[in-house]
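The opening position of the sequence shown corresponds to residue 1 in the UniProt record's numbering, with each subsequent residue numbered one higher. Glycine included, C-beta positions come from ideal geometry on N, C-alpha and C. These numbers were taken from a predicted model, which means no experiment stands behind them.
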Amino acid sequence: MEVAERPSTSVDFEHEVARCEGQMLRLAMGLMGNEPDALDAVQEALIRAYTHLGQFRGDSQFSTWLCRIVHRTCYDELRRRRRRPVPLGDGAPGADPVAPAAGPAPAVPVLAAESPPDPAEVAERREVQRCVRRAVSLLEPPYREVVIRRDLRGQSYVEIARALRVPEGTVKSRLFRARTRLRQEIERVSA
1 MEVAERPSTS VDFEHEVARC EGQMLRLAMG LMGNEPDALD AVQEALIRAY THLGQFRGDS
61 QFSTWLCRIV HRTCYDELRR RRRRPVPLGD GAPGADPVAP AAGPAPAVPV LAAESPPDPA
121 EVAERREVQR CVRRAVSLLE PPYREVVIRR DLRGQSYVEI ARALRVPEGT VKSRLFRART
181 RLRQEIERVS A
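Okay, structure coming up:
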């Protein structure tokens with residue numbers, strides 16, 4: 001993709017994006033819950049980041065700035081969805097509520113799947129995800145923040161310490177306590 005004009009900054013945008021794209025996708029997957037929505041959110045976040053590249057002040061690492069934009073983009077989309085219910089079908093009696101709308105089908109690449117996922121496995125995976133999300137939401141904010149930054153965003157202890165303005169040892173101890181509490185809560189719910 002050719003870019004006509006690029007904001008002036010010392011950051012090599014393409015290089016930095018390539019370096020942390022996995023981190024951004026993991027974050028979006030954790031927030032959006034599925035790969036297509038996560039990919040859309042990352043793409044939208046990269047557009048936002050590129051158009052506002054001149055606003056990057058360098059107070060944090062570039063990857064931290066990008067992940068923050070991904071985070072906000074995901075929450076914006078989730079908030080939008082809550083306000084706008086998606087109708088299924090046209091409501092006509094006998095109509096298939098999930099049938100595609102009339103007209104040409106959009107050009108979407110079809111990926112060949114080896115076999116459809118087992119419904120029991122899908123249900124179990126969703127239940128585990130729900131249980132973990134609930135357990136994370138019950139953590140006190142300082143513990144929840146380090147779990148999200150370390151396990152969802154993939155940030156290093158040093159990056160988390162800088163972002164939260166606490167010593168690296170505090171980050172490690174909060175993460176240890178948070179994981180212990182998560183384990184206890186998940187075991188309690190699973191029992």
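Alpha carbon to alpha carbon, how far is residue i from residue j?
i, j, result
"V166", "L182", "22 angstroms"
"V122", "V128", "10 angstroms"
"L66", "M24", "8 angstroms"
"R48", "D12", "16 angstroms"
"V70", "A28", "7 angstroms"
"D37", "R82", "15 angstroms"
"E21", "Q55", "20 angstroms"
"E124", "L164", "35 angstroms"
"R130", "G30", "11 angstroms"
"A135", "P142", "14 angstroms"
"Q61", "Q155", "11 angstroms"
"Q43", "Y50", "11 angstroms"
"T180", "L139", "11 angstroms"
As a quick exercise: from the options, pick the residue whose alpha carbon is nearest that of residue i.
i, options, result
"S173", "R153, V146, V189 and V17", "V146"
"L53", "R149, P36, E16 and G33", "E16"
"R177", "R80, R144 and L164", "R144"
"M32", "E77, R68 and R150", "E77"
"R26", "V136, R149, Q55 and F56", "R149"
"S137", "T51, I186, R153 and A120", "I186"
"T73", "D59, S60, A45 and G58", "A45"
"L152", "Q43, S60 and R68", "R68"
Please go through the same chain and pick out, in chain order, the residues whose beta-carbon is closer than 7 angstroms to the beta-carbon of residue i, but skip the five residues on each side of it.
i, result
"E168", "Y157, V158 and A161"
Excluding the 5 residues flanking residue i on each side, which residues of the same chain have their C-beta closer than 8 angstroms to its C-beta?
i, result
"R19", "S63"
In the DSSP assignment, find the alpha helix (DSSP H) that holds residue i and state where it starts and stops.
i, result
"H15", "F13 to M32"
"G58", "No alpha helix (DSSP H) contains G58, which DSSP labels as neither H nor E."
"residue 208", "No statement about residue 208 is possible, as the shown extent of the chain runs from 1 to 191 and does not include it."
"V166", "Element bounds for V166: n/a, residue is neither H nor E."
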